[in-house]
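J.: Input: one structure, supplied below.
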Amino acid sequence: MALATIIAPFNSNAGGLIVVNDVRILPHPGPIVEPPIHPIRPPRPWPIPRPRVYRFAPMEVQEQKVNIKVTDQIAETTVKQVFYNPNRSRLEGHFIFPVPKGAVLTDFRMDINGKMMKAELLEGAKARKIYEDIVRSAQDPALMEYAENDLYKVRIFPIEPRSTKRTRVTYKQVLKKDSGLVSYKYPMDTGKYSAKPIKTLSVKMEIESKTPLKSIYSPSHEVE
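According to my numbering, the sequence shown holds residues 750 to 973 in order.
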C-alpha cells in the first residue's frame, strides 16, 4: 500500500461563493416630530437635502481550506470557507457551490449562531417553501437545494452587517483512470465573485493506493 500527502497552496480563489440578491438597509431610528397644528411656512432659501447614495460591496472570501482524501479511485473532498460581509446592511443571498460532473454531495454545514448546523437536501419547491417560512420568522436557514446540473445552491438570510459566515461542504466522486493515470480536478473559477483576493487558501491531499505510486504532479500548481 502506498501513501502520499500533497499540500498545494494556491494564490487564487476557488470553491463556493455567496451571491447577494437583496440588500436590506437598516436606518438608524430618528426623533419623532409631531406636525404643527397650523402649517408653518419653511424659511427661505429652503435647502433640498441630497439623497444618500449607498454603495454596495460584494461578499469577501476570507479563508478557504480544501482537504482531499483519495483511496484508489474514490476521492472525498471537504471545503471549508469563511465569507465576510463588509457592508453596514443586512444581506440576503445564495451560497452557490459547483462540484465535478458526477460527484455526490454528502454533507453541507453552515454557521448558525456560532454553531455548524447540518443542512437538509430537499426537493426545490419544498426547500423554497420552508425557507420562506423561516425568513418570515427571522430565523437562519441552512437548506440545501440542488440547482442545476452539478451546481448546489443554498438561500441564506440573514447575513449580518460586518460579520462572517462559515460553510463546510463535503462531496465524493469516482476518479477517471486512463492508461494507469488517475486524475483529480478542483474547480478554480469562482474567484471573480469575491470583492477581494482570498487571504488564506490551502489545499491538502492524502493519497492511499493498493498499488505503488510512480509519480505525483500538478500541471497548474507547484506540489510540495
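Glycine is no exception: its CB is placed at the ideal position from the N, C-alpha and C atoms.
(1) How is Arg917 classed by DSSP in three states: helix, strand or coil?
(2) Quick one: what does DSSP say Arg904 is sitting in, helix, strand or coil?
(3) Quick one: measure Cβ to Cβ for Phe832 and Val810, integer angstroms, because I've assumed they're closer than 8 Å.
(4) In its own chain, which residues sit with a C-beta less than 7 Å from the C-beta of Asp821, not counting the 5 before and 5 after it?
(5) Can you tell me the Cα-Cα spacing of Glu783 and Arg839, whole angstroms?
(6) Leaving out five residues on either side along the sequence, give the residues of the same chain with a beta carbon under 8 Å from the beta carbon of Gly851.
(7) Quick check on DSSP: helix, strand or coil for Asp821?
(8) Count the other C-beta atoms from every protein chain shown that fall within 10 angstroms of the C-beta of Arg904, then say buried if there are 16 or more, exposed otherwise.
(9) Among Lys925, Gly863, Asp856, Lys953, which residue has its Cα nearest to the Cα of Glu971?
(10) For a test of the three-state rule: what should DSSP assign to Arg858, helix, strand or coil?
(11) Report the rounded CA-to-CA distance for Thr826 versus Lys818, giving the unit in angstroms.
(12) Would you call Lys876 buried or exposed, if buried means 16 or more other Cβ atoms sit within 10 Å of its Cβ?
T.: This is what the structure gives:
(1) strand
(2) strand
(3) 6 Å
(4) If we look at Asp821 and ignore the five residues flanking it on each side, its Cβ neighbours are Ser958, Lys959.
(5) Confidence at Glu783 is low in this model, with a pLDDT of 47, below 50, so the placement of that residue should be treated as unreliable; the coordinate-derived value is given next. Their Cα atoms are separated by approximately 30 Å.
(6) Leaving aside the five residues that flank Gly851 on each side, the residues in its chain whose CB is nearer than 8 Å to its CB run, in chain order, Asp899, Gln922, Val923.
(7) coil
(8) buried
(9) Lys953
(10) strand
(11) Rounded to the nearest angstrom, the two C-alpha atoms are 7 Å apart.
(12) Per the sequence shown, residue 876 should be read as Ala rather than Lys. Looking at its Cβ environment, which holds 16 or more other Cβ atoms inside 10 Å, Ala876 is buried.
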